[in-house]
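**Student:**
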Amino acid sequence: MTPAGKTPDADVEGTQSRAGTLAVEGTGIHKWFGPHHVLDDVSLQVASGEVVVIIGPSGSGKTTLLRCLNHLERIDRGRLLVNGHLIGYRENARGELREDSEAEIARQRREIGFVFQHFNLFPHLTAEQNIALAPVRVRKAPRAQALDEARRLLARVGLDDKRGSFPGQLSGGQRQRVAIARALAMRPRLMLFDEATSALDPEMVGEVLAVMRELASDGMTMIVVSHEMGFARGVADRVVMMDAGRIIEAGPPAQVLDSPAHERTQAFLSKVLH
Amino acid sequence: MTFDWSFLAHLLFHPPGSFVQGAIRTIYLAVIAQALGVALGLLLALWRRSRRLPLRVLAGGYIWLVRGTPLLVQAVIIYDGSSALGLYSFGTLSVGPVSVPGVVQAGIVTLALNEGAYMAEIMRAAIDSVDKGQAEAAASLGLRRRQAMRHVILPQAMRVVIPPLGNEFNNMLKVTSLLSVIGLQELFLAAQDYNSATFRTFEIFLVTAVYYIVMTTAWSLVQAAIERRLQARGGDVVVSVPLRQRLFSGGPGGGPPIGAEQLRGAR
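Same order as they appear, the protein sequences are chains A and B. 652 is the number that this note's numbering gives the last residue of the first sequence; the numbers go up by one with no jumps. 268 is the number that this note's numbering gives the last residue of the second sequence; the numbers go up by one with no jumps.
#1: Taking the alpha carbon of isoleucine 625(A) as the point to measure from, which residue in Thr399(A), His408(A), Leu400(A), Ala401(A) has its own alpha carbon closest?
#2: Histidine 640(A) touches chain C at which residues, Cβ-Cβ below 7 Å?
#3: Based on the DSSP output, what are the partners of tryptophan 410(A) in its beta bridges?
#4: Hey, quick one: how far does the beta strand (DSSP E) through serine 178(B) stretch, first residue to last?
#5: What is the C-beta distance between leucine 13(B) and valine 211(B), in whole angstroms, given that I count them as a contact (C-beta under 8 Å)?
#6: Give a yes or no on whether 8 Å exceeds the smallest Cβ distance from histidine 496(A) to chain B.
#7: What's the C-alpha gap between valine 32(B) and glutamine 106(B)?
#8: I want to see whether chain A comes within less than 8 Å of valine 162(B), judged by CB atoms only; does it?
#9: For the putative contact between isoleucine 123(B) and leucine 56(B), defined by C-beta atoms under 8 Å, what is the C-beta separation to the nearest angstrom?
#10: From the beta carbon of asparagine 448(A), is the nearest beta carbon of chain B less than 8 Å away?
#11: Name the residue from Lys540(A), Thr405(A), Gln486(A) whose alpha carbon lies nearest to the alpha carbon of asparagine 508(A).
#12: How would you list, in chain order, the residues of chain B whose beta-carbon sits under 7 Å from the beta-carbon of leucine 511(A)?
#13: Are the segment 461-481 of chain A and the segment 4-24 of chain B touching by the rule of at least three beta carbon pairs closer than 8 Å?
#14: Report the three-state DSSP secondary structure of serine 95(B) (helix, strand or coil).
#15: By the criterion of Cβ-Cβ separation under 7 Å, what are the contact partners of glutamate 228(B) in chain A?
#16: Nearest to tyrosine 80(B) by CA position, among Val58(B), Val104(B), Gly62(B), is which residue?
#17: Check for me: the alpha helix (DSSP H) holding methionine 120(B) runs from which residue to which?
#18: Please specify which runs of the beta strand (DSSP E), each continuous and at least 3 residues long, are wholly inside the segment 485-567 of chain A, giving them in chain order.
#19: Out of curiosity, what's the CA-to-CA distance linking glycine 437(A) and valine 603(A)?
#20: Using only CA atoms, which one of Thr405(A), Thr399(A), Gln423(A), Gln486(A) lies nearest to arginine 616(A)?
#21: Once DSSP output is grouped into helix, strand and coil, what is the label at glutamine 148(B)?
#22: Is it the case that the Cβ atoms of valine 460(A) and valine 535(A) are separated by a distance below 8 Å?
#23: What are the boundary residues of the alpha helix (DSSP H) that leucine 651(A) is part of?
#24: Check threonine 70(B) in the structure and name its three-state DSSP category.
#25: Is the beta carbon of arginine 521(A) sitting closer than 8 Å to the one on glutamate 506(A)?
#26: To be precise: take each residue of the segment 113-134 of chain B, compare its Cβ to all Cβ atoms of chain A, and keep it if any distance is under 7 Å. Which residues remain?
#27: With distances taken Cα to Cα, identify the nearest neighbour of leucine 651(A) among Phe500(A), Ala628(A), Gly608(A).
#28: So that I know if they touch, is there some Cβ in chain A lying closer than 8 Å to that of glutamate 187(B)?
#29: For the beta strand (DSSP E) containing leucine 635(A), list its first residue and its last residue.
Structure representation (structure tokens):
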């Protein structure tokens, strides 16, 4: 997706140019699920155009962190700015944070694409209808134009022959590629991938990773929760290691993956790589 | 009195006009009341899931009241009771060439209000059966809750609703007979009137039973066709119930049995 794909209303408050801005700026984020401290003082900055891969054992909070980035989960403490704005919250005159209106949260989410582990395609709609739904209903794009765009996106993920297929007729890898195209249809400035390949049969992982690679090379800002170390090594600008709700280590892939400083990272990598 | 075959045969194949009219009335009562019941049920289901407490309480209270009282009592309250108290009298309503007697209006209102409460529970279960990931995917694309409900959740919930809805309508066709108590001339009351003129009680009600079973069986076939179409349209699996099972198992309100067999097939 080119930067020109920005939606018109994104420019209303876009006072800064795209280059050099922070896509994500999180400081001191805490989150609890009951007594369980899932995010424990997490701070994360992601620059526009950067590709960050988050790794870590299951239960380390990486998926929760990703879900907080488009307010699918609320943060309990801290400050989290996405695309330059507090996500899900609004600051009042006294500096207190209040949850935003539903409409405002929905508006912010337009610019954040989310790809789910289990695809979550709409089973009652065809591939192209899945992709065109949000542009038509949210961006109020004319139907014909949205379907045109949907076909272009399908071609881009290598599925131009599947536009009339329902999700139930597609393989897992094809479904996930449609899901990526669906997220791209809203022309997001940031794409979040939540273990996008973990529910796939091994032979289908490659086709999805190839689409993600291409997206990264087009300059898309991406935050990827993944166990695919090959992808992290080849595509990530930065690898972030999480454990027990904290970021314990972050840096260029070569540094984190090849000579990890933290023993928990070493232990985790030795399990994943062998 | 001995069983009179020729009377039975005559009644079955050459029914008096009051029988035919009663049967037609039974069908349109059921169709209109079911349609209104579905609409009311959807509204109540959405209210029950609303974030506003008063709406939840209102819907919950309504469902509790309606499901906790007999239809027969509701019918008498709505038609005779409201008129006796001077609250509202159902009078004949003329729309162009069609004139609808007050008792028919009261019958439709009663059945619709009653059915709404049951449909609400079915709709709520159907909405809840849609995977949570669907709402999340819709939200992640920037759809508002209302838009997600309308374009993503409800279309999927409706497929789940179709089998129990068919069951409800089957039940509705038969339940119309209760409205005879407020003097609504549907099939059952037509039979009663005919009985008081001829006293061929066994034969008359046997034929009446045949009429009902013809109506419900015809509906089973229609329902099967609807489900087949739904199945053909979506790529994914819709639980299908064989006609044999549709006719011979599953009681009123129970919904067609979604047995282990179907679930295995769905996986």
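Ideal Cβ placement from N, Cα and C applies to all residues, glycine included.
**Tutor:** Here's the rundown:
#1: His408(A)
#2: In the structure shown, chain C cannot be found, because the protein chains are A and B.
#3: His415(A)
#4: Where serine 178(B) is concerned, there is no enclosing beta strand (DSSP E), given that its DSSP letter is neither H nor E.
#5: With 8 Å as the limit, leucine 13(B) and valine 211(B) qualify as a contact, their Cβ atoms being about 6 Å apart.
#6: yes
#7: Straight through space, the alpha carbons of glutamine 106(B) and valine 32(B) are spaced by roughly 13 Å.
#8: no
#9: With 8 Å as the limit, isoleucine 123(B) and leucine 56(B) do not qualify as a contact, their Cβ atoms being about 19 Å apart.
#10: yes
#11: Lys540(A)
#12: His152
#13: The segment 461-481 of chain A is not in contact with the segment 4-24 of chain B.
#14: In the structure shown, serine 95(B) sits in a strand (DSSP, three-state: E or B).
#15: The premise fails here: glutamate 228(B) is roughly 15 Å from chain A at the closest Cβ pair, so nothing lies under 7 Å.
#16: Val104(B)
#17: 103-130
#18: The qualifying runs are 490-493.
#19: 12 Å
#20: Gln423(A)
#21: helix
#22: no
#23: Judged by DSSP secondary structure, leucine 651(A) falls within the alpha helix (DSSP H) whose first and last residues are 641-651.
#24: Looking at threonine 70(B) - three-state DSSP - the assignment turns out to be coil, as it is neither helix nor strand.
#25: In this structure, arginine 521(A) sits away from glutamate 506(A), with a CB-CB distance that is not shorter than 8 Å.
#26: Against chain A - using a Cβ distance shorter than 7 Å - the residues of the segment 113-134 of chain B are Gly134.
#27: Gly608(A)
#28: no
#29: Careful: leucine 635(A) lies outside any beta strand (DSSP E) and carries neither H nor E.
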